[in-house]
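Novice:
2 protein chains.
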Amino acid sequence: MFKLIAKDGNARTGILKTAHGKIETPFFMPVATKTAVKYLDPKDLEEIGIQAIISNAFVLSLRPGIQTIKKAGGIHKFMNFHNAIFTDSGGFQKIKDSFYIKSTDKGLILKSPFDGKKQLLTPKELMKIQNTLDSDIAMVLDEMPLYTQSKKEIELAVERTHKWAEECIKHHKNKKQLLFGIAQGGLHKDLREKSAKFISKLKFDGFAFGGLAIGEPEKQTYAMINSQVKHFPENKPRYLMGVGCPKQLINAIAAGADCFDSTFPTQNARHNTLFTSTGKLVIKNSKYKNDLKPIDKNCDCYICKNYTRAHIRHLMKLGEPNGLRYCTYHNIYFINNLMKQIRKAIKEKRFDKFRKEFLRKFK
Amino acid sequence: MFKLIAKDGNARTGILKTAHGKIETPFFMPVATKTAVKYLDPKDLEEIGIQAIISNAFVLSLRPGIQTIKKAGGIHKFMNFHNAIFTDSGGFQKIKDSFYIKSTDKGLILKSPFDGKKQLLTPKELMKIQNTLDSDIAMVLDEMPLYTQSKKEIELAVERTHKWAEECIKHHKNKKQLLFGIAQGGLHKDLREKSAKFISKLKFDGFAFGGLAIGEPEKQTYAMINSQVKHFPENKPRYLMGVGCPKQLINAIAAGADCFDSTFPTQNARHNTLFTSTGKLVIKNSKYKNDLKPIDKNCDCYICKNYTRAHIRHLMKLGEPNGLRYCTYHNIYFINNLMKQIRKAIKEKRFDKFRKEFLRKFK
Numbered sequence: 012m013f014k015l016i017a018k019d020g021n022a023r024t025g026i027l028k029t030a031h032g033k034i035e036t037p038f039f040m041p042v043a044t045k046t047a048v049k050y051l052d053p054k055d056l057e058e059i060g061i062q063a064i065i066s067n068a069f070v071l072s073l074r075p076g077i078q079t080i081k082k083a084g085g086i087h088k089f090m091n092f093h094n095a096i097f098t099d100s101g102g103f104q105k106i107k108d109s110f111y112i113k114s115t116d117k118g119l120i121l122k123s124p125f126d127g128k129k130q131l132l133t134p135k136e137l138m139k140i141q142n143t144l145d146s147d148i149a150m151v152l153d154e155m156p157l158y159t160q161s162k163k164e165i166e167l168a169v170e171r172t173h174k175w176a177e178e179c180i181k182h183h184k185n186k187k188q189l190l191f192g193i194a195q196g197g198l199h200k201d202l203r204e205k206s207a208k209f210i211s212k213l214k215f216d217g218f219a220f221g222g223l224a225i226g227e228p229e230k231q232t233y234a235m236i237n238s239q240v241k242h243f244p245e246n247k248p249r250y251l252m253g254v255g256c257p258k259q260l261i262n263a264i265a266a267g268a269d270c271f272d273s274t275f276p277t278q279n280a281r282h283n284t285l286f287t288s289t290g291k292l293v294i295k296n297s298k299y300k301n302d303l304k305p306i307d308k309n310c311d312c313y314i315c316k317n318y319t320r321a322h323i324r325h326l327m328k329l330g331e332p333n334g335l336r337y338c339t340y341h342n343i344y345f346i347n348n349l350m351k352q353i354r355k356a357i358k359e360k361r362f363d364k365f366r367k368e369f370l371r372k373f374k
Numbered sequence: 012m013f014k015l016i017a018k019d020g021n022a023r024t025g026i027l028k029t030a031h032g033k034i035e036t037p038f039f040m041p042v043a044t045k046t047a048v049k050y051l052d053p054k055d056l057e058e059i060g061i062q063a064i065i066s067n068a069f070v071l072s073l074r075p076g077i078q079t080i081k082k083a084g085g086i087h088k089f090m091n092f093h094n095a096i097f098t099d100s101g102g103f104q105k106i107k108d109s110f111y112i113k114s115t116d117k118g119l120i121l122k123s124p125f126d127g128k129k130q131l132l133t134p135k136e137l138m139k140i141q142n143t144l145d146s147d148i149a150m151v152l153d154e155m156p157l158y159t160q161s162k163k164e165i166e167l168a169v170e171r172t173h174k175w176a177e178e179c180i181k182h183h184k185n186k187k188q189l190l191f192g193i194a195q196g197g198l199h200k201d202l203r204e205k206s207a208k209f210i211s212k213l214k215f216d217g218f219a220f221g222g223l224a225i226g227e228p229e230k231q232t233y234a235m236i237n238s239q240v241k242h243f244p245e246n247k248p249r250y251l252m253g254v255g256c257p258k259q260l261i262n263a264i265a266a267g268a269d270c271f272d273s274t275f276p277t278q279n280a281r282h283n284t285l286f287t288s289t290g291k292l293v294i295k296n297s298k299y300k301n302d303l304k305p306i307d308k309n310c311d312c313y314i315c316k317n318y319t320r321a322h323i324r325h326l327m328k329l330g331e332p333n334g335l336r337y338c339t340y341h342n343i344y345f346i347n348n349l350m351k352q353i354r355k356a357i358k359e360k361r362f363d364k365f366r367k368e369f370l371r372k373f374k
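Chains as they are written, first to last, in this note's numbering: chain U, 12 to 374; chain Z, 12 to 374.
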């Protein structure tokens, strides 16, 4: 399912085969929690060249419900997106007060963000949901410990995550769907290693670093990736969940990660922060009032080819939906294009130089 | 500037030449008050085949300010729309509490919806704003009486409208820009006729029925159009301001109107009401939960070709921006396509049959 094409240091490029096409790694997934990336249609995503998106299995099980998506012929047909779709719904719900209640041996007790109704989400139930949604890649149920919890608590969460991982494999029935495991361990090197070793022995199609980039010091993030990456098999993709900041992406790729998702680029866009080849640009800033340049003169996206900073600033100042759309489009294009450039740099064995140059320019 | 191509009863089809292309009449303009049709980019509008849009001169004079638009090279370059752009900002502000304070002999006293600041908008000032925005068609400043006002008050408003019309002509300096006059008269046939006669003698490139479709009984709307249309010259376009409901559009065309604008289709879309060949469809309705049909099986728009009622309902139920976008796109396409069909029917001398058929089917 995964073919490694080239390595440059720890950075890798490869091809992940899914039921909806091949994904070149490293890649970034925009988040389509409810089957929609806010302000971008599937057509936009395909025009940008997005290879995969990620949706939330638990949310979809509540609205519109898995039967509606099943009747539509699966999540791809339901939303009309033709490339790969990941689904997940695990421990990361913990950082969302609107969802998480508590964790038990059997599963996560979550509440519906729509009506507050409590529900036990077991490994078996989550597999059933994802099997029915018919996404290309399902993620296991995990318990994500917060790094601020005691080591004992984190250790228990790791054990529970391991137990659930085995249950997920047992209940995963969709043959066309890949299944990725998730390793945890907080900020404890020994627990991280232990978890990576355990999870990587199970029959997964890919492996995720869970519980990182949730507020811990950035140095620690990379230390934890380093402690786990060496235990993950070379011939499987490695997914760093929840990362979408340009600098973190490039550094995580340097550490050996292949796959990412985050609302960071889309949320930043909606809050006026745009990514450019020279760093962040806050479009609402008054200095852009009469600026007829594109967001980024080095960007080839439809927005940069057609709209000025002055126009986008005006729309954003007045809260016009088109402003949100233009900003979102640009940020997603920027990240996707960064991934393309990174893949090329890895193939051409100049990734480290590219990374340093990028970090020097991206203020 | 306007060439009449065919007539069928009072319904007409023709071509209005503007600095940004020819417009086939009858036509409908989506409203882009702040240089953006909510949820549709200029690219979408051009894809749909929208020939013209209308923006608000007073609003643009406040945000971003006419200098910003002038520096960008005019409103077309500012927003990157390549077809015709109308601008207006007259008496219709009266029905918007957020704008209107009062009317004096000199002009309208308006307040900024952004900071509440009062401002006198004179005919001269409005012409200067529109000349600078460089829209293709400018509308005069008028005083729109409410039909609930006394006949004496309406008569005074009509006289003021006439005086301002002459001042607008005097101060209109942009040679590439067309200028349309507006006739008023409340629901008084004699005042309507008097106003149409007066305005049609002035050197305008088109003539508008003002102060209609603002809540009066629909029968009265057509009676007022009928009383004015006969005084408007045949060789100039006739603009019924503020109408966008499918039934009213087709009936107004039957009465001899050529040009329309309204937020009706876009606002309806955002409130879940979609137009179809068999009438209105409320997409949030639970009966569409698992409905895999398009919004309208007879519609060729991108949305109907790619998304199901079930998916759009799901997005609208959860307030996802993409839902608003899909619904807006469809409704604007529907109205634009209706205009196309109407033009064809007029040319083929079967407009009345087409109209009756449409009204029978459109519940």
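Yeah, the Cβ is synthetic: ideal placement off N, Cα and C, and Gly gets one too.
Taking any Cβ of chain Z, which residues in the region 56–75 of chain U have a Cβ under 7 Å from it, in chain order?
Specialist: Of all residues in the region 56–75 of chain U, R74, P75 have a Cβ within less than 7 Å of some Cβ in chain Z.
Novice: With 16 as the cutoff for other CB atoms within 10 Å, does U:G330 come out buried or exposed?
Specialist: If you number the first sequence from 1, residue 330 of chain U lands on position 319. U:G330 should be labelled exposed.
Novice: Can you tell me where the beta strand (DSSP E) holding Z:D307 begins and where it ends?
Specialist: Within the second sequence, the letter at position 296 stands for residue 307 of chain Z. Counting along the chain, Z:D307 falls outside any beta strand (DSSP E), and DSSP gives it neither H nor E.
Novice: Spatial neighbours of U:T133 within its chain, please: C-beta separation below 6 Å, excluding the five flanking residues on both sides.
Specialist: Numbered from 1 along the first sequence, position 122 holds the residue referred to as residue 133 of chain U. K117, G118.
Novice: Under DSSP, the alpha helix (DSSP H) around Z:G334 begins and ends at which residues?
Specialist: As a first step, residue 334 of chain Z must be located in the second sequence, where it is residue number 323. 332–358 is the span of the alpha helix (DSSP H), which, as asked, contains Z:G334.
Novice: In chain Z, what lies closer than 7 Å to U:L213 by C-beta?
Specialist: Along the first sequence, one-based indexing puts residue 213 of chain U at 202. By Cβ distance, chain Z contributes nothing, its closest Cβ being about 34 Å from U:L213, past 7 Å.
Novice: Strictly by DSSP, which residues pair up with U:Y111?
Specialist: Counted from its first residue, the first sequence places residue 111 of chain U at position 100. U:Y111 is bridged to U:L121.
Novice: Compare the Cα-Cα distances from Z:K298 to each of Z:F243, Z:R324, Z:N279 and report the closest residue.
Specialist: Position 287 of the second sequence, counting from 1, holds the residue named residue 298 of chain Z. Answer by Cα proximity: Z:R324.
Novice: Once the 5 residues before and after U:Y233 are set aside, which same chain residues still bring their CB inside 8 Å of it?
Specialist: For the purposes of this step, residue 233 of chain U is identified with residue 222 of the first sequence, where counting begins at 1. Answer for U:Y233: N262, A263, A266, listed in chain order.
Novice: Does DSSP put Z:V42 in a helix, a strand or coil?
Specialist: Along the second sequence, read from residue 1 onward, the residue named residue 42 of chain Z stands at position 31. It is a strand residue.
Novice: With distances taken from CA atoms, which of U:K374, U:L56, U:R74 is nearest U:P257?
Specialist: Numbered from its first residue, the first sequence carries residue 257 of chain U at position 246. Closest by alpha carbon: U:K374.
Novice: Identify which residue in U:K367, U:F369, U:R366, U:K351 has its Cα closest to the Cα of U:G25.
Specialist: The count along the first sequence starts at 1 and reaches residue 25 of chain U at position 14. Nearest of U:K367, U:F369, U:R366, U:K351 to U:G25, Cα basis: U:K351.
Novice: Quick check on U:S114: buried or exposed, where buried means 16 or more other Cβ atoms within 10 Å of its Cβ?
Specialist: The sequence position of residue 114 of chain U within the first sequence is 103, counting from 1. Buried, because 16 or more other Cβ atoms sit within 10 Å of the Cβ of U:S114.
Novice: Can you say whether U:H199 is buried or exposed, counting buried as having 16 or more other CB atoms within 10 angstroms of its CB?
Specialist: One-based indexing of the first sequence puts residue 199 of chain U at position 188. Label assigned to U:H199: buried.
Novice: In chain order, what residues of the region 82–106 of chain U put their CB closer than 9 Å to some CB of chain Z?
Specialist: The region 82–106 of chain U vs chain Z, Cβ under 9 Å: K82, A83, G84, K88, F89, M90, N91.
Novice: Where U:K355 and U:F365 are concerned, what is the direct C-alpha to C-alpha distance, given to the nearest angstrom?
Specialist: As a working mapping, residue 355 of chain U is identified with position 344 in the first sequence. As a working mapping, residue 365 of chain U is identified with position 354 in the first sequence. Rounded to the nearest angstrom, the two C-alpha atoms are 10 Å apart.
Novice: Rounded to a whole number of angstroms, what is the C-alpha to C-alpha distance between Z:N333 and U:V48?
Specialist: In the second sequence, the residue the question calls residue 333 of chain Z occupies position 322. In the first sequence, the residue the question calls residue 48 of chain U occupies position 37. Going from the Cα of Z:N333 to the Cα of U:V48 covers about 8 Å.
Novice: Need the endpoints of the alpha helix (DSSP H) that U:Y233 sits in, please.
Specialist: Here residue 233 of chain U refers to the residue found at position 222 when the first sequence is read from its first residue. Segment 229–240, the alpha helix (DSSP H) holding U:Y233.
Novice: If I follow the unbroken alpha helix (DSSP H) through Z:N279, where does it start and stop?
Specialist: Taking the first residue of the second sequence as position 1, residue 279 of chain Z is located at position 268. Element bounds for Z:N279: 275–281.
Novice: According to a CB-to-CB cut-off of less than 8 Å, which residues of the region 164–197 of chain U neighbour chain Z?
Specialist: Here the close residues number zero.
Novice: Looking only at C-alpha atoms, which of U:Q259, U:G127, U:D145 sits nearest to U:A68?
Specialist: By 1-based counting over the first sequence, the position of residue 68 of chain U is 57. For the residues U:Q259, U:G127, U:D145, the minimum Cα distance to U:A68 belongs to U:D145.
Novice: Within 8 Å (strictly less), CB to CB, does Z:E359 reach chain U?
Specialist: As a working mapping, residue 359 of chain Z is identified with position 348 in the second sequence. By this cut-off, Z:E359 is not an interface position.
Novice: Does the beta-carbon of U:K328 have 16 or more other beta-carbons within 10 angstroms, so that it is buried, or is it exposed?
Specialist: Here residue 328 of chain U is taken as the residue at index 317 of the first sequence, counted from 1. With 16 or more other Cβ atoms within 10 Å, it is buried.
Novice: In three-state terms, what does DSSP make of U:R23?
Specialist: For this step, residue 23 of chain U is matched to residue 12 along the first sequence. Strand, per DSSP.
Novice: Tell me which residue opens and which closes the alpha helix (DSSP H) that U:T143 is part of.
Specialist: As a first step, residue 143 of chain U is located in the first sequence; it is residue number 132 there, counting from the start. Residues 134–144.
Novice: Which one of Z:M12, Z:H87, Z:E35 has the shortest CA to CA distance from U:N317?
Specialist: As a first step, residue 317 of chain U must be located in the first sequence, where it is residue number 306. Ranking the options by Cα distance to U:N317, first place goes to Z:H87.
Novice: Quick check on Z:Y158 - is its C-beta less than 8 Å from some C-beta in chain U?
Specialist: Start at 1 with the first residue of the second sequence, and residue 158 of chain Z comes out as number 147. It does not: the Cβ of Z:Y158 has no partner Cβ on chain U nearer than 8 Å.
Novice: Is there at least one Cβ from chain Z nearer than 8 Å to U:Y21's Cβ?
Specialist: Taking the first sequence and counting its residues from 1, the one referred to as residue 21 of chain U is at position 10. Residue 21 of chain U is actually Asn in this sequence, not Tyr. Answer no: the Cβ-Cβ gap between U:N21 and chain Z never drops below 8 Å.
Novice: Between the beta-carbon of U:L251 and the beta-carbon of U:F215, is there less than 8 Å?
Specialist: The count along the first sequence starts at 1 and reaches residue 251 of chain U at position 240. The count along the first sequence starts at 1 and reaches residue 215 of chain U at position 204. No.
Novice: Which one of U:C315, U:R320, U:S206, U:A280 has the shortest CA to CA distance from Z:T79?
Specialist: Counted from its first residue, the second sequence places residue 79 of chain Z at position 68. Nearest C-alpha to Z:T79: U:R320.
Novice: Which ranges does the alpha helix (DSSP H) cover as unbroken runs of at least 4 residues, wholly within the region 141–173 of chain U, from first to last along the chain?
Specialist: Counting whole runs of 4 or more residues, the region 141–173 of chain U contains no alpha helix (DSSP H) stretch at all.
Novice: Which residues, in order along the region 293–322 of chain U, keep a beta-carbon less than 7 Å from a beta-carbon of chain Z?
Specialist: Residues K300, N301, L303, N317, Y318, T319, A321, H322.
Novice: With H, G and I counted as helix, E and B as strand and the rest as coil, what does DSSP make of U:D55?
Specialist: In the first sequence, residue 55 of chain U corresponds to position 44, counting from 1. Helix.
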